[in-house]
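Protein chains in written order, with the working numbering: chain A, 11 to 119; chain B, 914 to 1028.
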């Protein structure tokens, strides 16, 4: 089983809609969870971190964590064309960050 | 000032050649990493150094040899390049290992193409 799984294919959302991304992880001892955004041809950049169960909101982004289900999600409200990118889920453990394969989001104007 | 800089940005070379990628960070971080991102965008850790000491060495062919002359620099040398080595190699840094490893600052990436 992969450490961090993001199974959804490319996600197309109309401008102004909500984009919902999901991630599961295998290590029950993981304590820290992150979402990175990567534009095409660019490096990943941190957009959200979450450490405790529940929701964390930052602007149009909301991260949700459920440690019992080993599940992390990211909601992007009022999606904008500038949100078109690949979103990488990352989970910490063993002095490193393990990344999922990413979900591509395309916001259609 | 660029926080994490790596050179070269692009590298095209023939199979069997040896090449190096250099990385420098000016953030004062103690820990540096090399990640490999393949054509499917999967970002996988290769190596990590904390204050010049190797602390993570994933299952990577021994053709890949990292070297950290000081905590601000981490280089990657690759011998006998193979087609499968074609990828984008990202250098990253963080304040430290453990909980400090959580927030990574990435360099712009070095795209290696092996022909």
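Backbone N, C-alpha and C define an ideal beta-carbon position, used for all residues, glycine too.
Min CB distance residue i to chain D below 8 Å
| i | result |
| --- | --- |
| residue 953 of chain B | Absence of chain D from the displayed structure is noted, the protein chains being A and B. |
Bridge partner(s) assigned by DSSP for residue i
| i | result |
| --- | --- |
| residue 90 of chain A | The partner list for residue 90 of chain A (beta bridge, DSSP) is empty, contrary to what the question assumes. |
| residue 991 of chain B | B:932 and B:977 |
| residue 106 of chain A | A:103 |
| residue 42 of chain A | Paired residues: none, contrary to the question. |
| residue 1025 of chain B | B:924 and B:1000 |
| residue 114 of chain A | A:96 |
| residue 915 of chain B | Its beta-bridge partners do not exist; DSSP assigns none. |
| residue 29 of chain A | A:86 |
| residue 1017 of chain B | Answer by DSSP bridge pairing: none, since residue 1017 of chain B is not bridged. |
| residue 1005 of chain B | B:946 and B:1019 |
| residue 22 of chain A | A:116 |
| residue 13 of chain A | Per DSSP, none; premise fails for residue 13 of chain A. |
Of the residues the options, the one placed nearest residue i, counting alpha carbons only
| i | options | result |
| --- | --- | --- |
| residue 949 of chain B | B:1004, B:988 and B:935 | B:1004 |
| residue 72 of chain A | A:88, A:114 and A:80 | A:88 |
| residue 956 of chain B | B:944, B:939 and B:971 | B:971 |
| residue 85 of chain A | A:67, A:42, A:62 and A:111 | A:67 |
| residue 1029 of chain B | B:943, B:916 and B:962 | The structure shown does not extend to residue 1029 of chain B, since chain B is modelled only from 914 to 1028, so the question has no answer here. |
| residue 19 of chain A | A:37, A:33 and A:41 | A:33 |
| residue 940 of chain B | B:921, B:1017, B:1028 and B:924 | B:1017 |
| residue 28 of chain A | A:82, A:111, A:99 and A:93 | A:93 |
| residue 1025 of chain B | B:1006, B:1000 and B:1019 | B:1000 |
| residue 70 of chain A | A:103, A:57 and A:99 | A:57 |
| residue 107 of chain A | A:62, A:45 and A:25 | A:45 |
| residue 930 of chain B | B:993, B:987, B:924 and B:947 | B:993 |
| residue 65 of chain A | A:50, A:81 and A:14 | A:81 |
| residue 1002 of chain B | B:988, B:982, B:1023 and B:987 | B:1023 |
| residue 973 of chain B | B:958, B:982, B:965 and B:981 | B:958 |
Supposed contact pair residue j and residue i - C-beta distance, whole angstroms, cut 8 Å
| i | j | result |
| --- | --- | --- |
| residue 116 of chain A | residue 53 of chain A | Not quite, the Cβ-Cβ distance comes to about 20 Å (not below 8 Å), so this is no contact. |
| residue 105 of chain A | residue 31 of chain A | Between residue 31 of chain A and residue 105 of chain A the Cβ distance is about 26 Å, and since that is not below 8 Å, they are no contact. |
| residue 969 of chain B | residue 960 of chain B | 6 Å |
| residue 1021 of chain B | residue 922 of chain B | 6 Å |
| residue 16 of chain A | residue 110 of chain A | 4 Å |
| residue 25 of chain A | residue 90 of chain A | 7 Å |
| residue 934 of chain B | residue 988 of chain B | 7 Å |
Residue i Cβ short of 7 Å to the ligand GDP heavy atom set
| i | result |
| --- | --- |
| residue 82 of chain A | By its list of ligands, the structure shown contains no ligand whatsoever, and the ligand GDP lies outside what it can speak to. |
Residues in the stretch 90–110 of chain A with C-beta within 9 Å of chain B's C-beta atoms, listed in sequence order? 96, 98, 100, 102, 104, 105, 106, 107, 108, 109 and 110
Pull out every residue of the stretch 967–985 of chain B whose Cβ sits closer than 8 Å to any Cβ of chain A, in chain order. 968 and 969
At which residue ranges does the stretch 919–944 of chain B contain complete beta strand (DSSP E) runs of 3 or more residues, listed in the order of the chain? 923–926 and 932–938
Entirely within the stretch 941–983 of chain B and at least 3 residues each: give me those beta strand (DSSP E) ranges in chain order. 944–950, 956–963, 966–970 and 977–983
At a Cβ cut of 8 Å, what residues of the stretch 54–75 of chain A count as close to chain B, listed as they run along the chain? 54, 55, 56 and 59
Using a Cβ-Cβ cutoff of 8 Å, what residues of the stretch 1002–1022 of chain B are near chain A? List them in chain order. 1003, 1010, 1011, 1012, 1014, 1015, 1016, 1017, 1019, 1020, 1021 and 1022
Could I get the ranges of all uninterrupted beta strand (DSSP E) runs contained in the stretch 48–91 of chain A, with 3 residues as the minimum, in chain order? 55–60, 64–68, 71–76 and 81–86
Could you name the residues of the stretch 929–944 of chain B whose beta carbon sits closer than 7 Å to any beta carbon of chain A, in the order they occur along the chain? none
Using a Cβ cut-off of 9 Å, which residues of the stretch 16–27 of chain A contact any Cβ in chain B, in chain order? none
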